[in-house]
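Residue numbers for the sequence shown follow UniProt numbering, so the first one is 1 and each next one is one higher. Shown next, in structure tokens, is the structure this report addresses.
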Amino acid sequence: MVEADTPLYESNIPAPTDAELKVGEHVANLVEDGATLQMGIGSIPNVVLEKLEHHQRLGIHTEMFSDGIIPLVKLKNTANGAEMTYTLVPESEADLALGKISVNTPIAKGLL
1 MVEADTPLYE
11 SNIPAPTDAE
21 LKVGEHVANL
31 VEDGATLQMG
41 IGSIPNVVLE
51 KLEHHQRLGI
61 HTEMFSDGII
71 PLVKLKNTAN
81 GAEMTYTLVP
91 ESEADLALGK
101 ISVNTPIAKG
111 LL
């Protein structure tokens, strides 16, 4: 661990343009359930991820998490069909009662 006093970097991605929305929708239509994706940062990857909300069993490789990934973290109990949605957060913000799990937990690491 390296301690530092500098604030963490936050990317401020602008809202997608009409062209970026069309490209993102087109790319999302090419993705099949069970696909593994490599995602980057930016408007188009966020649109693609947003349009993949109803896909299942997706794998994602990325060096940084963008906001588009967060809604895709859903777990399903295959025994009874119950679905659970969790938000991955820093350890200091984790609260299971609120559906927030730390990125450092074994289950979160398995999802990443």
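Beta carbons: idealized from backbone N, C-alpha and C, even for Gly.
Using the Cβ count rule (16 or more neighbours within 10 Å means buried), how would you classify residue 34?
exposed
Which of the three DSSP states is assigned to residue 2 in this structure?
Correct three-state label for residue 2: coil.
Pick from 37, 41, 14: whose alpha carbon is nearest that of residue 56?
37
Spatial neighbours of residue 16 in its chain, beta-carbon cut-off 6 angstroms, leaving aside the 5 residues before and after:
43, 47
How big is the Cα-Cα spacing for residue 53 and residue 105?
24 angstroms
Since residue 26 is in the alpha helix (DSSP H), which residue starts that stretch and which ends it?
18-30
Could you pull the start and end residues of the beta strand (DSSP E) that residue 102 belongs to?
100-102
Quick check on DSSP: helix, strand or coil for residue 96?
helix
Just the C-alpha distance for residue 3 and residue 49, rounded to the nearest angstrom, thanks.
32 angstroms
Run of the alpha helix (DSSP H) containing residue 60, from where it starts to where it stops
Unbroken run through residue 60 is the beta strand (DSSP E), 59-61; no alpha helix (DSSP H).
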